[in-house]
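Chemist: One rule links them: number in this note's numbering = place in the sequence shown (from 1) + 71. Got a structure for you, questions after.
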Amino acid sequence: MDVDAILDELIQLSHELGTEERQLAILGEGNLSADCGDGTFWVKASGSNMATIDRSGFTRVRYEVVMDLAALKDPSEEQIFHGLKDSLVGENMRQPSVVTFLHAICLQDTEATFIAHTHPSAVLSILCSQMGASPFQRHIFPEPIPVCGTAPAVVPYVDPGFALAEAVQDSLQEYKHEYGVAPKMLLMVNHGLVALGQTAQQALNITLLAEKWARIILGTYALGGPSYLSAEQVDRFADRLDEKLRQRQM
Ligand SMILES: [Zn+2]
Numbered sequence: 072m073d074v075d076a077i078l079d080e081l082i083q084l085s086h087e088l089g090t091e092e093r094q095l096a097i098l099g100e101g102n103l104s105a106d107c108g109d110g111t112f113w114v115k116a117s118g119s120n121m122a123t124i125d126r127s128g129f130t131r132v133r134y135e136v137v138m139d140l141a142a143l144k145d146p147s148e149e150q151i152f153h154g155l156k157d158s159l160v161g162e163n164m165r166q167p168s169v170v171t172f173l174h175a176i177c178l179q180d181t182e183a184t185f186i187a188h189t190h191p192s193a194v195l196s197i198l199c200s201q202m203g204a205s206p207f208q209r210h211i212f213p214e215p216i217p218v219c220g221t222a223p224a225v226v227p228y229v230d231p232g233f234a235l236a237e238a239v240q241d242s243l244q245e246y247k248h249e250y251g252v253a254p255k256m257l258l259m260v261n262h263g264l265v266a267l268g269q270t271a272q273q274a275l276n277i278t279l280l281a282e283k284w285a286r287i288i289l290g291t292y293a294l295g296g297p298s299y300l301s302a303e304q305v306d307r308f309a310d311r312l313d314e315k316l317r318q319r320q321m
């Protein structure tokens, strides 16, 4: 796919995520990105509304420059501003925002090529509660297992900005160490959701299913709380899916 076609998919994904009735991201909330496969990626510039964004709401940057900046210890705001400006590909691109670091890290450190960050109402009801991300650590019905992964990566609350990207990088590394694979879903406590999709459709599916899952978790608390699937039931379901996938590939 060429870079313009990737941007068109990203715009379509943004409109889906910004649909107001879904309550995933309203006003200027949320941001998203897509890998271009040539050492660059598209990322939403700050301020645009997800529901109405067009080409002018995105900017294209080089990984190398962004990752070199991300590796700095405590860069000044000026260093960040100029560094991000230097990362731009082509002319007439908007200044990238500080969320560009989070997207660069998610695209580089996972298998994802489409990253969608939103603030879904039900997911946030849980992430902002005394329980934090813990209700998502175990499954209560099978559907989220293949879509959202057997377990989410979790990041404690960190001020949005440069430090948050560092915390996300640490969380992704820990996750890989523990599970041997990259996560499909990242939960940021007191903040929101990051869907790590290998396609735009996957990023949308992860977000929609995480929000449905959250509503179901909340619903169970009206009736005594969740009845979790056992680890064996989750593994059996995941194995069955692996088997189906293998058969399809053969
Ligand atoms: Zn956010």
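All C-beta atoms, glycine included, are put in the ideal place defined by N, C-alpha and C. This one's a predicted model, so the numbers in the text were calculated from it and none came from an experiment.
Taking Cβ positions, are Gly268 and Asn276 nearer each other than 9 angstroms?
Modeler: Here residue 268 refers to the residue found at position 197 of the sequence shown. Here residue 276 refers to the residue found at position 205 of the sequence shown. Yes, the pair counts as a contact, with Cβ atoms nearer than the cut-off.
Chemist: Return helix, strand or coil for Arg286, following the three-state DSSP convention.
Modeler: Working through the sequence shown from its first residue, we reach residue 286 at position 215. Helix.
Chemist: Which whole-angstrom value is the C-beta distance of Pro297 and Pro191, which I expect to be below 8 angstroms?
Modeler: The residue labelled residue 297 in the question sits at position 226 within the sequence shown. The residue labelled residue 191 in the question sits at position 120 within the sequence shown. Not quite, the Cβ-Cβ distance comes to about 18 angstroms (not below 8 angstroms), so this is no contact.
Chemist: Say the cut is 8 angstroms; is the CB of Met256 nearer than that to a heavy atom of ligand 1?
Modeler: For the purposes of this step, residue 256 is identified with residue 185 of the sequence shown, where counting begins at 1. No - ligand 1 has no heavy atom lying nearer than 8 angstroms to the Cβ of Met256.
Chemist: Looking at ligand 1, does it come within less than 8 angstroms of Pro231, judged from the CB to the closest heavy atom?
Modeler: Your numbering for residue 231 matches position 160 in the sequence shown. Yes, Cβ of Pro231 sits closer than 8 angstroms to a heavy atom of ligand 1.
Chemist: By a C-beta neighbour count over all protein chains shown, 10 Å radius and 16 as the cutoff for buried, is Gln150 buried or exposed?
Modeler: Along the sequence shown, read from residue 1 onward, the residue named residue 150 stands at position 79. Per the 10 Å Cβ criterion, exposed.
Chemist: Report the CB separation of Leu81 from Ala105 in whole angstroms; it is logged as a contact under 8 angstroms.
Modeler: Against the sequence shown, residue 81 aligns to sequence position 10. Against the sequence shown, residue 105 aligns to sequence position 34. The Cβ separation is near 5 angstroms, so the contact holds.
Chemist: How far does the alpha helix (DSSP H) with Lys247 in it extend, from its first residue to its last?
Modeler: Within the sequence shown, numbered from 1, the residue matching residue 247 stands at position 176. Run containing Lys247: 233 to 250, per the alpha helix (DSSP H) assignment.
Chemist: Counting beta carbon pairs with one atom in the segment 245 to 260 and one in the segment 211 to 220, are three or more of them shorter than 8 angstroms?
Modeler: Counting Cβ pairs under 8 angstroms, three or more are found: they touch.
Chemist: How would you write the range of the beta strand (DSSP E) that Ser104 sits in, first residue to last?
Modeler: Locating residue 104 in the sequence shown gives position 33, where the first residue counts as 1. 102 to 106 is the extent of the beta strand (DSSP E) around Ser104.
Chemist: Indicate, with yes or no, if ligand 1 has a heavy atom lying under 8 angstroms from the CB of Asn102.
Modeler: As a first step, residue 102 must be located in the sequence shown, where it is residue number 31. Answer for Asn102: yes, Cβ within range of ligand 1.
Chemist: Given Gly154, which residues of its chain have a CB within under 6 angstroms of its CB, disregarding the five upstream and five downstream residues?
Modeler: As a position in the sequence shown, residue 154 is number 83, starting the count at 1. If we look at Gly154 and ignore the five residues flanking it on each side, its Cβ neighbours are Leu140.
Chemist: Which residues share a DSSP beta bridge with His190?
Modeler: Numbered from its first residue, the sequence shown carries residue 190 at position 119. His190 is not bridged to any residue.
Chemist: Considering Met259, what are the terminal residues of the beta strand (DSSP E) in which it resides?
Modeler: Sequence index remark: in the sequence shown, residue 259 carries index 188 (1-based). From DSSP, the beta strand (DSSP E) with Met259 extends over 256 to 259.
Chemist: Determine contact between the segment 194 to 208 and the segment 123 to 134, defined as no fewer than three beta-carbon pairs at a distance below 8 angstroms.
Modeler: The segment 194 to 208 vs the segment 123 to 134: no contact.
Chemist: When we look at the beta-carbon of Ser301 and count the other beta-carbons within 10 Å, is it buried (16 or more) or exposed?
Modeler: Within the sequence shown, the letter at position 230 stands for residue 301. So Ser301 ends up on the exposed side.
Chemist: Helix or strand or just coil, what does DSSP make of Leu95?
Modeler: What you label residue 95 is simply residue 24 of the sequence shown in a count that begins at 1. Leu95 falls in the coil class under three-state DSSP.
Chemist: Using a Cβ-based criterion (distance less than 8 angstroms to any ligand heavy atom), does Gly263 qualify as near ligand 1?
Modeler: Counted from its first residue, the sequence shown places residue 263 at position 192. Yes, the Cβ of Gly263 comes within 8 angstroms of a heavy atom of ligand 1.
Chemist: When DSSP builds the beta bridges, which residues end up paired with Arg133?
Modeler: Position 62 of the sequence shown, counted from the first residue, corresponds to residue 133. Per DSSP, Thr111.
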